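Peer 1: I'd like to ask you about the structure that follows.
2 protein chains.
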Amino acid sequence: MPASPPGSRPTLLVLDADPPPRLGRLTGRVRIEHADDSTLAQRLPYADVLLVWDFVSLAVRDAWPGEEPRPRWVHTASAAVDHLMCPELTASDTVVTNARGVFDLPVAEYVAALVLAMAKDLPRTWDLQRERKWRHRETTRVAGTRACVVGSGPIGRTIARTLKALGVTASVVGRIPRTGIHGPADLDRLIARADWVIAAAPLTEQTRGMFDLRRFGVMQPSARFINVGRGQLVVEDALAEALSRRWIAGAALDAFQREPLTPDSRLWGVPGLLVSPRMSGDTAGWRDELGAQFVSLYERWEAGRPLVNVVDKVRGYVPGR
Amino acid sequence: MPASPPGSRPTLLVLDADPPPRLGRLTGRVRIEHADDSTLAQRLPYADVLLVWDFVSLAVRDAWPGEEPRPRWVHTASAAVDHLMCPELTASDTVVTNARGVFDLPVAEYVAALVLAMAKDLPRTWDLQRERKWRHRETTRVAGTRACVVGSGPIGRTIARTLKALGVTASVVGRIPRTGIHGPADLDRLIARADWVIAAAPLTEQTRGMFDLRRFGVMQPSARFINVGRGQLVVEDALAEALSRRWIAGAALDAFQREPLTPDSRLWGVPGLLVSPRMSGDTAGWRDELGAQFVSLYERWEAGRPLVNVVDKVRGYVPGR
């Protein structure tokens, strides 16, 4: 049931802090309105399409109308969708799409940067530089090491491909075993022998809190853990404990239970833990790419052609290859 | 002219601080003696083979005997040979070999680590972590950027291959143009458009001080410079000036005019300069590999078979493919 009367221009409601770039091509074809967290509930019944540009906001969950009229299509400028899914949205016939593809290579490069930096002990080198101390150390080779990438979407697969290009033996674990992808039954065996355990899974009921004390206990003392997925994949206290007990050799988090981290968070100071402000996917030009990707999807929708990047609302991600 | 009388065991003189590992296979076949910088001149006439295990020492230059008896073979446990070459050694019929091959992959991984760390702004991220500040920034993609690797030996070529695996367009510049390698005439044109300029050349009369103020002036303001070759390739004051004038965006040095850097060196504190204590090639197990490589060369020498890794003493490196 369209929110706009037949014949009128569709209404695109943009949930944002900063306005999105690259929507100029839609001028005259769509009525663009803006909402913030406080006005979203009020505006949603009048929108045909919702563009979730502010991908940190949790407002969609709370504001989603239980009954029509409501948007027929929701697009989020993020790979993750857990921040907007709620039972009413899942049950509705509204289509949800995401930014699949835009972040794959940047995130994979970020993971490679962390892996190499940890292997070459760069954080310590730069600490020593600050102290003006010349301390030669031996480092480790990355080629010939073993990685387990948890998450078999395009981001996880691109991470594995990038690490393989550096000579790493990389295994990928997904929800359903298929060619080249291990299923959950192999997870503990693979992380037990991995030098690098990399979390890049969507947040679902199966993955929430999956990296807990037991899983860190399974890893090797020389293993390093990296999370470029969702903060809620990791039990943060368990990770801090595993690091302080030296169950694992190091970790890097680019996503957290609560973002941004406040200055009093203990995570800033956990020994062996590298903290970055959720920036693994955000290379220069990423907002332009996200804007252009939305326009391209909008033009399919306008023409009545099938959308791509359609999220399976029950599973919580775009299924596929 | 052998130093040892015919029929006796050859004398292997080891110039070292710490004794080399993995020489056990030679027990009973060779008389092993040790020298340090102060005793080298006195011991050299009695040695058949000199193993330069302490590759920081400059003692060989000063101690090399102008006349026989002297070692017939000198092996250095390093890729560089400039620290031992002198006119008398060049003019003698003594064969010089080096550790070609051992450092290629470790150095290439180290360069990839620096390239990715600079592209992803990791040094700043870890500064901000220390200050407990959450500051999201956009970073840059490495795939699609352009590198110019100066030095066409196995280390330079492995660096180029590793960067290419990350999607970087990498050109290699050597002394003599050949298939896949540019000659010196292309150097300025290539560094002018490079995002990454990587020095991995041997130190020769042609390369000494080649990275001077003029060359840094040719580079793009967004370019980063990395030296994993010899310290004397770079005019350090010129690099500091280029960084402070923002002629280039950043640099990383793993080799210096004088090593170790003393605490009062200005280089520790040059903005945009990352300093590491000549460790790019030194991954765990490297000493074992260097020891095993020497034993393998020794067994060729003992059997009268041709040595490999033979240095062209005039050019100052192992010529070849």
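For the protein sequence lines, the chains are V and W, in the order given. If you read the first sequence in my numbering, its first letter stands for residue 69, the second for the next number, and so on. If you read the second sequence in my numbering, its first letter stands for residue 69, the second for the next number, and so on. Even for Gly, the Cβ is constructed at its ideal location relative to N, Cα and C. None of these values were measured; they are calculated from a predicted model.
(1) Suppose contacts are defined by Cβ-Cβ distances below 9 Å. Is V:W315 in contact with V:V170 by that definition?
(2) Cβ of W:I294 within 9 Å of Cβ of W:I266?
(3) Where V:P176 and W:T247 are concerned, what is the direct C-alpha to C-alpha distance, given to the nearest angstrom?
(4) Nearest to V:S239 by alpha carbon, out of V:C216, V:L231 and V:W132?
(5) Which of helix, strand or coil does DSSP assign to W:G251?
(6) Since I believe V:G359 is in contact with V:P88 (beta carbons under 8 Å), could you give me their beta-carbon distance rounded to a whole number of angstroms?
(7) From the DSSP secondary-structure annotation, give me the bridge partner or partners of V:T246.
(8) Note down the Cα distance separating V:R99 from V:S125, rounded to an integer number of angstroms.
(9) So, helix, strand or coil for W:W369, using DSSP?
(10) Would you say V:Y178 faces chain W, with C-beta separation under 9 Å as the test?
(11) Hey, how far is the Cα of W:W264 from the Cα of W:Y178?
(12) Please decide whether V:K381 counts as near chain W, where near means a Cβ-Cβ distance under 9 Å.
(13) Which value, in whole angstroms, describes the spacing of the CA atoms of V:T79 and V:T107?
(14) Using a C-beta to C-beta distance shorter than 9 Å, which residues of chain V count as neighbours of W:D350?
(15) Would you identify the three-state DSSP class for W:T79, choosing helix, strand or coil?
(16) Under the three-state reduction of DSSP, which class applies to W:D409: helix, strand or coil?
(17) Entirely within the segment 141 to 170 of chain V and at least 4 residues each: give me those alpha helix (DSSP H) ranges in chain order.
(18) Go ahead and label V:K188 buried or exposed: buried means 16 or more other beta carbons lie within 10 angstroms of its beta carbon, across all protein chains shown.
(19) Rounded to whole angstroms, what's the CA-CA distance from W:A147 to W:N377? Just pull it up for me.
(20) Given a cut-off of 9 Å on the beta-carbon distance, is the pair W:V183 and W:L234 in contact?
(21) Checking contacts by CB at 9 Å: is V:P136 closer than that to chain W?
(22) Look up W:E101 in the DSSP assignment and give the residues it is bridged to.
(23) Is there at least one Cβ from chain V nearer than 9 Å to W:W264's Cβ?
(24) Using only alpha-carbon positions, find the residue among V:K381, V:Q325 and V:R198 that is nearest to V:W141.
(25) Would you list, in sequence order, the uninterrupted alpha helix (DSSP H) runs of no fewer than 4 residues that lie entirely inside the segment 267 to 299 of chain V?
(26) Output yes or no for whether 9 Å exceeds the beta carbon distance between V:V296 and V:D322.
(27) Against chain W, which members of the segment 191 to 202 of chain V pass a CB distance test of less than 7 Å?
(28) Counting only beta-carbon atoms, is W:R168 nearer than 9 Å to chain V?
(29) Measure the C-alpha to C-alpha separation of W:P270 and W:P374 and round it to an integer number of angstroms.
Peer 2: The structure says:
(1) On the first sequence, residue 315 of chain V is found 247 positions in, with the first residue counted as 1. On the first sequence, residue 170 of chain V is found 102 positions in, with the first residue counted as 1. No.
(2) Here residue 294 of chain W refers to the residue found at position 226 of the second sequence. Here residue 266 of chain W refers to the residue found at position 198 of the second sequence. Yes, Cβ-Cβ distance for W:I294 and W:I266 is below 9 Å.
(3) Here residue 176 of chain V corresponds to residue number 108 of the first sequence, with the count starting at 1. Here residue 247 of chain W corresponds to residue number 179 of the second sequence, with the count starting at 1. The identity of residue 176 of chain V in the sequence shown is Ala, whereas the question assumes Pro. Rounded to the nearest whole angstrom, the C-alpha separation of V:A176 and W:T247 is 32 Å.
(4) Taking the first residue of the first sequence as 1, we reach residue 239 of chain V at position 171. For V:S239, the nearest C-alpha among the options comes from V:C216.
(5) Along the second sequence, read from residue 1 onward, the residue named residue 251 of chain W stands at position 183. Of the three classes helix, strand and coil, the one that applies to W:G251 here is coil, per DSSP.
(6) Position 20 of the first sequence, counted from the start, is the residue given in the question as residue 88 of chain V. Position 291 of the first sequence, counted from the start, is the residue given in the question as residue 359 of chain V. Between the beta-carbon of V:P88 and that of V:G359 there is about 5 Å, and that keeps the pair under the 8 Å contact cut.
(7) On the first sequence, residue 246 of chain V is found 178 positions in, with the first residue counted as 1. According to the sequence shown, residue 246 of chain V is Arg rather than Thr. Its beta-bridge partners are V:I249.
(8) To locate residue 99 of chain V, count along the first sequence from 1; it is residue 31. To locate residue 125 of chain V, count along the first sequence from 1; it is residue 57. Their Cα atoms are separated by approximately 23 Å.
(9) Residue numbering aside, residue 369 of chain W sits at position 301 when the second sequence is read from its first letter. Note: W:W369 maps to helix in three-state DSSP.
(10) Indexing the first sequence from 1 puts residue 178 of chain V at position 110. Closer than 9 Å to some Cβ of chain W, the Cβ of V:Y178 qualifies, so yes.
(11) Within the second sequence, numbered from 1, the residue matching residue 264 of chain W stands at position 196. Within the second sequence, numbered from 1, the residue matching residue 178 of chain W stands at position 110. A straight-line Cα-Cα distance of about 14 Å links W:W264 and W:Y178.
(12) On the first sequence, position 313 is the one that residue 381 of chain V refers to. Interface with chain W (9 Å Cβ-Cβ cutoff): V:K381 is excluded.
(13) Counting from one through the first sequence, the residue named residue 79 of chain V turns up at place 11. Counting from one through the first sequence, the residue named residue 107 of chain V turns up at place 39. Spanning the two alpha carbons is a distance of roughly 16 Å.
(14) One-based indexing of the second sequence puts residue 350 of chain W at position 282. Result: H204, R205, E206 and T207.
(15) Residue 79 of chain W sits at position 11 when you count from the first residue of the second sequence. Under the three-state reduction of DSSP output, W:T79 falls in the strand class.
(16) This structure cannot settle anything about residue 409 of chain W, because the visible part of chain W is limited to 69 through 389.
(17) Counting only runs of 4 or more, we get 155 to 159.
(18) If you number the first sequence from 1, residue 188 of chain V lands on position 120. By the neighbour-count rule (16 or more Cβ atoms within 10 Å), V:K188 is buried.
(19) By 1-based counting over the second sequence, the position of residue 147 of chain W is 79. By 1-based counting over the second sequence, the position of residue 377 of chain W is 309. Straight-line Cα distance between these residues: approximately 10 Å.
(20) Working through the second sequence from its first residue, we reach residue 183 of chain W at position 115. Working through the second sequence from its first residue, we reach residue 234 of chain W at position 166. With contacts defined as CB atoms closer than 9 Å, W:V183 and W:L234 qualify as a contacting pair.
(21) As a working note, residue 136 of chain V is residue 68 in the first sequence. Inspection of the sequence shows that residue 136 of chain V is occupied by Glu rather than by Pro. Judged by the 9 Å Cβ criterion, V:E136 is not in contact with chain W.
(22) Within the second sequence, numbered from 1, the residue matching residue 101 of chain W stands at position 33. According to DSSP, W:E101 bridges with W:L81.
(23) Residue mapping note: residue 264 of chain W aligns to position 196 of the second sequence, counting from 1. Not an interface residue.
(24) Here residue 141 of chain V is taken as the residue at index 73 of the first sequence, counted from 1. Of V:K381, V:Q325 and V:R198, the residue nearest in Cα terms is V:K381.
(25) 281 to 286, all fully within the segment 267 to 299 of chain V.
(26) For the purposes of this step, residue 296 of chain V is taken as residue 228 along the first sequence, with counting starting at 1. For the purposes of this step, residue 322 of chain V is taken as residue 254 along the first sequence, with counting starting at 1. A contact, by the Cβ cut-off of 9 Å.
(27) The segment 191 to 202 of chain V vs chain W, Cβ under 7 Å: P191, T193, W194, Q197, R200 and W202.
(28) Translated into the one-based positions of the second sequence, residue 168 of chain W becomes position 100. Not an interface residue.
(29) In the second sequence, the residue the question calls residue 270 of chain W occupies position 202. In the second sequence, the residue the question calls residue 374 of chain W occupies position 306. Looking at the two C-alpha atoms, the distance is approximately 24 Å.
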